[in-house]
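The next block holds one structure in the form of structure tokens; read it before the comments.
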């Protein structure tokens, strides 16, 4: 999957992610962002979790994005 397609999918799901998982996507980084992803690479996503977000939101978002993108996702919260 190419970078532009990942960004498009994330943008299309933006509102659902904000409401359902109390999170806002801040961007992607790593091999997909650089255009160097290989088979087996995960996509690194920077996320800002909103007030009231829980561990269930974190795990739920990771599962949701992996299902949407069909690749392994590594979520990195902004405040870490």
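Residue numbers (the working numbering): 29 to 108.
Using N, Cα and C, we set each Cβ at its ideal position, and we do this for glycine too.
What three-state label does DSSP hand residue 7 in the structure shown? Here the chain has residues from 29 to 108 only, and residue 7 is not among them.
Endpoints, the alpha helix (DSSP H) within which residue 41 is located: Position 13 of the chain shown holds residue 41. Run containing residue 41: none; DSSP gives neither H nor E here.
Here's the rule I'm using: 16 or more other beta-carbon atoms within 10 Å means buried, otherwise exposed. How should residue 45 be labelled? Here residue 45 refers to the residue found at position 17 of the chain shown. By the 10 Å Cβ count, residue 45 comes out buried.
Tell me the residue span of the beta strand (DSSP E) that contains residue 101. Translated into positions along the chain shown, residue 101 becomes position 73. From DSSP, the beta strand (DSSP E) with residue 101 extends over 101–105.
Just to confirm my understanding: we take residue 33, look at its own chain, exclude 5 residues before and 5 after, and list those with CB closer than 6 Å. What are they? One-based indexing of the chain shown puts residue 33 at position 5. Hits under 6 Å: none found.
Between residue 43 and residue 78, is the Cβ-Cβ spacing less than 8 Å? Indexing the chain shown from 1 puts residue 43 at position 15. Indexing the chain shown from 1 puts residue 78 at position 50. No, Cβ-Cβ distance for residue 43 and residue 78 is not below 8 Å.
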